[in-house]
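Residue numbers (my numbering): 1351 to 1554. By construction, the Cβ of each residue, glycine as well, lies at the ideal position given by its N, Cα and C atoms. From a predicted model like this one, the values you see are computed outputs, not experimental measurements. Beneath this line is the structure, given in structure tokens, with notes to follow.
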């Protein structure tokens, strides 16, 4: 008794994609099928080529951020300031946003500038009392400066910018390809329906 051979199962995804390559010799492939396959290959190539482009953008962003941080550091100097009150926990208001991350102690202080004395809320590393002298960072005009981004923060921003650029551009390319695939599929279904109607039509 002859043993029945099992029916062939569905081909794996890589094999199916290989069979749909634009240069396939399959005579059943229509020009639209080859065009769609070429678009898929082009999309994959563009998505891969966007990786070094995004990396270059991230490198340029990191260099620019480091230059800005260096310029800020060059224009900042330390001056003594006398506390006018005891330190307290800084409230969440715009007046107290100029303080290093993790610094919660704040008090109003007075310091000398080239244009006279200034007063304002300054951050402190530890609790202090009125009358104590602390060191604060000011710019050339004596204005209190905020925290300068560190190298790690600049690196995180640059990597985030590079990943965001790649995700946006690659997503746009993939979306356009998906829309084109949908249009090709609708056109194929329309043509198949038309051919089936012609097949069912008896000859005159």
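Residue i - containing beta strand (DSSP E), residue span
{"i": "residue 1462", "result": "1455 to 1463"}
{"i": "residue 1495", "result": "Element bounds for residue 1495: n/a, residue is neither H nor E."}
{"i": "residue 1431", "result": "1427 to 1433"}
{"i": "residue 1483", "result": "1483 to 1488"}
Cβ-based burial, residue i [other Cβ within 10 Å; buried from 16]
{"i": "residue 1487", "result": "buried"}
{"i": "residue 1577", "result": "Only positions 1351 to 1554 of the chain appear in the structure, and residue 1577 is not among them; the question remains open."}
{"i": "residue 1542", "result": "exposed"}
{"i": "residue 1402", "result": "exposed"}
{"i": "residue 1381", "result": "exposed"}
{"i": "residue 1544", "result": "exposed"}
{"i": "residue 1351", "result": "Confidence at residue 1351 is low in this model, with a pLDDT of 46, below 50, so the placement of that residue should be treated as unreliable; the coordinate-derived value is given next. Exposed is the call here."}
{"i": "residue 1464", "result": "exposed"}
{"i": "residue 1522", "result": "exposed"}
{"i": "residue 1472", "result": "buried"}
{"i": "residue 1516", "result": "buried"}
{"i": "residue 1459", "result": "buried"}
{"i": "residue 1386", "result": "buried"}
{"i": "residue 1504", "result": "buried"}
{"i": "residue 1456", "result": "buried"}
{"i": "residue 1408", "result": "buried"}
{"i": "residue 1410", "result": "exposed"}
{"i": "residue 1508", "result": "buried"}
Reduced DSSP secondary structure (H/G/I, E/B, other) of residue i
{"i": "residue 1478", "result": "coil"}
{"i": "residue 1499", "result": "coil"}
{"i": "residue 1469", "result": "strand"}
{"i": "residue 1534", "result": "helix"}
Distance between beta carbons of residue j and residue i, contact taken as under 8 Å
{"i": "residue 1397", "j": "residue 1520", "result": "5 Å"}
{"i": "residue 1495", "j": "residue 1432", "result": "18 Å between Cβ atoms; not a contact."}
{"i": "residue 1474", "j": "residue 1437", "result": "5 Å"}
{"i": "residue 1415", "j": "residue 1497", "result": "So it is not a contact: roughly 14 Å between Cβ atoms."}
{"i": "residue 1389", "j": "residue 1527", "result": "6 Å"}
{"i": "residue 1434", "j": "residue 1480", "result": "6 Å"}
{"i": "residue 1430", "j": "residue 1469", "result": "The Cβ separation is near 14 Å, so there is no contact."}
Which runs of the alpha helix (DSSP H) fall wholly inside the stretch 1501 to 1527 and span at least 4 residues, in chain order? Runs found: none.
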